[in-house]
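Student:
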Amino acid sequence: MARSFSNPVHSLLGKIVALATVASAVTVTGSVDGKSYDYIIVGGGLSGLVAANRLSEDSAVSVLVVEYGPVDRSNKTLVPYYATSTNTAGMFNITSAPEPYLGNSSFAIMAGSIAGGGSSVNGMVCGRASAADYDSWEQLGNPGWGWEGLLPYFKKGTTLNVPSAEEAEKLGYTWDESFYGSGPLQVGYPDFQYNDMYTFFKGFEEVGLQFQKDQGAGNNTGLVWAPTALDTKTMTRSSSLTAYYDTAANRTNLNLLAERQVTEIIFSSDLTAKGVKILNRADGSSSSVYAKKEVILAAGAVHTPQILQLSGIGPKSVLRAAGLKTKLDLASVGSNFQDHPVSYMMYNLNQTFPNAGSLGSNATFNQESLQEYLTNHSGPYTRAQGNSVAFIPLHTITDKVSTMVSDLTKQVAKTYLPSIYSDSGLLKGFQAQRDILAKQFTAGSVAAIEFPFSGAGFIPNAIQKPLSRGTVYLNATNPTGSPVVSHRAFENPFDRAQIFAAIQFTRKFFSSSALSVMAPEESAPGAAVTSQEAFFSAMTAAGLMSPTFAHPSGSCPMMPKKSGGCVGADLLVYGTKKLSIIDASIMPIIPSNHLQASVYAVAEKAADLIKARA
């Protein structure tokens, strides 16, 4: 449905200017050295701005958000189509340690470095995992963190922009509005899809996948329409910046300090968090600011463990190597790091026009589509990274589930884990995770593989439940520089078996009668590659394997301390006082979906927990 504006070009630009003007009302420009606030939130990313909004609802409570990067409301962050390419200016410039199971190559670490964090730079997919995904968190010893405990917060944070009847019929959208609420974050669907995508839908149905009415209802296995973080009133990105921060701009008790790096948490002798030390990235000056109630870490799965370690909280061996005094030997800080490792197969296809690549390859189509977007806020530019996805259980891609799971449970766990797992607590926690995952794989209650699709021949297969675990540690030679991030992707043989099974399933999919109209021809790794060893060799050499789908998580896990946890169900860091973590680093097992929706729910629940103990 077209959306008309009296002055279309200036309407979009005017929205951006208006937002920037609003933000100046609460953005701190002067010195904060020596000042005190009730809450200091370290990181103005997705979770940090959610908590900032909720905690500052009480006008008697003062909140300071310290954000590493700038506030960016450029078209690059707002226009959905621009989310299809990496916004490198809005990302940290960090590469991983060499990945030993991917040819010792290093890979870019995908983490947002501007206000809004990942919600300002990601592909805008805003889907939920299955109920069993979250129930596993509770089963690991975190009461209240299962599906039933999180669903109210999924609802609280989001408003579903329901498509018109005309759009729903034309594009095939389905949803269940009862699983959404009236929260700040706007989610919805673009008003345009490419025809070839529907051919893929038919192919997936032919090979046994069932269509889910709404992926947010507790079962995302099968074919789903994943909502996009999209405000359909303007057809622009909805982020924690636009939805949670800008809407609170009239609150004088909420302050944002941008382009500042938190270098250390200030503790008293009994490890009560008293405040933080801040580096002004523009002029190199330092300051200290103090928290009366709580210091809240929301710096993400890469930087939250780094800040803890810089503050003397972490594995003693890591701190000693960096020349830092150990205030608390906590092996869990920086352990359990997870992402969704991925392989990218390639097929030559006979595609219709326009197709998912046309905006990049056809200048005329691009210009016409841009003009349609500026004039009516409709058309191809309303599509972000895509929202049609197959989330596939293991038993759908292979008939060897029993054998695979049996081999997994017979493993000597520490054989395929980082050396830090010689710690008995970390090992115990991993074994508890493995037991849960083994049951889920057998039951088919969670997705093992994500296969997002738009009708094109560039085919991601992303492992949703990896058994490999990585680490995030200080660089011993430059502790305040970028941390050393090691995914150790595909270290566990189970992960290699999962991805190879997905490749065989992908070949089955492209052999379906529904896909014959597109005359698919596999170009990478090529049909002649038929063994797991040959697949890994060919795909690694071609640069078509990656340890990351831009979903870093798990590096400060929420589990009992005796099981290698960093925080408990109350999100307070073990062994400290008045210090909590509210970002993706607390997820003990990565969910089988993109992380955005889950992090919003975590942050909403975290805000209530923090309020309750004030």
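The sequence shown begins at 1 in the UniProt record's numbering and counts up by one. Where is the CB? At the ideal position from N, CA and C, for every residue including glycine.
For SER136, which residues from the same chain have a beta carbon less than 6 Å from its beta carbon, with the 5 sequence-adjacent residues on both sides left out?
Tutor: For SER136, where only same-chain residues beyond five positions count, the Cβ hits under 6 Å are ILE436 and ILE589.
Student: Judging by CA-CA distance, which residue of GLY275, THR174 and PHE201 is the nearest neighbour of LYS35?
Tutor: Nearest C-alpha to LYS35: GLY275.
Student: Using DSSP bridges, identify the partner residues of PRO452.
Tutor: According to DSSP, which records beta bridges pairwise, PRO452 is partnered with VAL389.
Student: Just curious, the beta strand (DSSP E) that ASP38 is in, first and last residue?
Tutor: Taken as a continuous stretch (DSSP letters only), the beta strand (DSSP E) holding ASP38 covers 36-42.
Student: How would you label ASN350, buried or exposed, when you count the other beta carbons within 10 angstroms and need 16 or more for buried?
Tutor: Looking at its Cβ environment, which holds fewer than 16 other Cβ atoms inside 10 Å, ASN350 is exposed.
Student: With a threshold of 8 Å between beta-carbons, can GLU294 be considered close to chain C, or not?
Tutor: The question asks about chain C, but that chain is absent: this structure has only one protein chain.
Student: Who are the near neighbours of SER523 in its chain, counting only those whose CB is closer than 6 Å to its CB and skipping five residues on each side?
Tutor: Answer for SER523: MET346 and ASN348, listed in chain order.
Student: So what does DSSP say about ILE278, is it helix, strand or coil?
Tutor: Strand at ILE278.
Student: Taking the beta strand (DSSP E) that PHE267 falls in, what are its first and last residues?
Tutor: Unbroken beta strand (DSSP E) run through PHE267: 260-267.
Student: Which residue marks the beginning of the alpha helix (DSSP H) containing MET539, and which one marks its end?
Tutor: First-last of the alpha helix (DSSP H) with MET539: 532-541.
Student: Quick one: what does DSSP say SER24 is sitting in, helix, strand or coil?
Tutor: With a pLDDT of 38 at SER24, under the threshold of 50, the predicted position of this residue should be treated as unreliable, though the coordinate-derived value follows. Residue state, collapsed to three classes: coil.
Student: Please go through the same chain and pick out, in chain order, the residues whose beta-carbon is closer than 8 Å to the beta-carbon of LYS213, but skip the five residues on each side of it.
Tutor: Excluding positions up to five away in sequence, the list reads THR174, TRP175 and ASP176.
Student: According to DSSP, which residues form a beta bridge with SER402?
Tutor: For SER402, which the question treats as bridged, DSSP gives no partner whatsoever.
Student: I need the DSSP call for MET197, collapsed to helix, strand or coil.
Tutor: Of the three classes helix, strand and coil, the one that applies to MET197 here is helix, per DSSP.
Student: For LYS15, which of helix, strand or coil comes out of DSSP?
Tutor: Per-residue confidence for LYS15 stands at a pLDDT of 45, beneath the threshold of 50, marking its modelled position as unreliable; the derived number appears in the next sentence. Helix at LYS15.
Student: Given a cut-off of 8 Å, decide if PRO393 and THR242 are closer than it, judged by their beta-carbon atoms.
Tutor: It is not a contact, given that the beta carbons lie outside the stated cut-off.
Student: Is SER62 near TYR37, with beta carbons less than 8 Å apart?
Tutor: Yes.
Student: What does the alpha-carbon distance come out to for the pair THR236 and MET587?
Tutor: In a straight line, the C-alpha of THR236 is about 29 Å away from that of MET587.
Student: Output the distance between the C-alpha atoms of LEU474 and ASN366, rounded to the nearest integer angstrom.
Tutor: LEU474 and ASN366: Cα-Cα distance of roughly 44 Å.
Student: Look at the alpha carbon of VAL529 and the alpha carbon of VAL66, and state the distance between them as a whole number of angstroms.
Tutor: For VAL529 and VAL66, the distance between alpha carbons rounds to 50 Å.
Student: What are the start and end residues of each continuous beta strand (DSSP E) run of 3 or more residues lying completely inside the region 347-383, in chain order?
Tutor: For the region 347-383, not a single whole beta strand (DSSP E) run of length 3 or above is found.
Student: What's the gap between the Cα of PRO227 and the Cα of LYS562?
Tutor: Between PRO227 and LYS562, the C-alpha separation is close to 38 Å.
Student: Could you say which of GLY216, LEU102 and ASN253 lies nearest to ALA60 if we only look at CA atoms?
Tutor: Among GLY216, LEU102 and ASN253, the Cα nearest to that of ALA60 is on ASN253.
Student: Taking one C-beta from the region 488-506 and one from the region 411-419 each time, how about it: are there three or more such pairs within less than 8 Å?
Tutor: Taking 8 Å as the limit for Cβ pairs, the verdict is that the region 411-419 does touch the region 488-506.
Student: Tell whether a beta-carbon distance below 8 Å holds between PHE453 and MET197.
Tutor: Yes, the Cβ-Cβ distance between PHE453 and MET197 is below 8 Å.
Student: Quick check: the region 442-451 against the region 396-405, are there 3 or more CB pairs under 8 Å?
Tutor: Flag = yes, the region 442-451 and the region 396-405 touch.
Student: ILE610 to GLY144, Cα distance in whole Å?
Tutor: Near 15 Å, if we compare the C-alpha coordinates of GLY144 and ILE610.
Student: Give me the Cα-Cα distance between THR352 and ASN195, rounded to the nearest whole angstrom.
Tutor: Distance between the alpha carbons of THR352 and ASN195: 7 Å.
Student: According to DSSP, simplified to helix, strand and coil, what is ALA89?
Tutor: Three-state result, ALA89: helix.
Student: Determine the direct distance from the alpha carbon of MET558 to that of GLY565, and round the result to whole angstroms.
Tutor: Each residue's Cα considered, the two are about 5 Å apart.
Student: Restricting to runs no shorter than 3 residues, where is the beta strand (DSSP E) found entirely within the region 280-312?
Tutor: Entirely contained in the region 280-312, the beta strand (DSSP E) runs reaching 3 residues are, in chain order, 286-297.
Student: Hey, would you say residue 631 sits closer than 8 Å to HIS551, going by beta carbons?
Tutor: The shown model of the chain, from 1 to 614, leaves out residue 631, and the question about it has no answer.
Student: So within the region 515-596, which uninterrupted alpha helix (DSSP H) runs reach at least 4 residues, ignoring any that extend past its ends?
Tutor: The region 515-596 contains these whole alpha helix (DSSP H) runs: 532-541.
Student: Going by other Cβ atoms of all chains shown within 10 Å of its Cβ, with 16 needed for buried, is PHE53 buried or exposed?
Tutor: Checking the sequence shown, residue 53 turns out to be Asn, not Phe. Looking at its Cβ environment, which holds 16 or more other Cβ atoms inside 10 Å, ASN53 is buried.
Student: Just curious, the alpha helix (DSSP H) that THR77 is in, first and last residue?
Tutor: Here the alpha helix (DSSP H) through THR77 covers 75-78.
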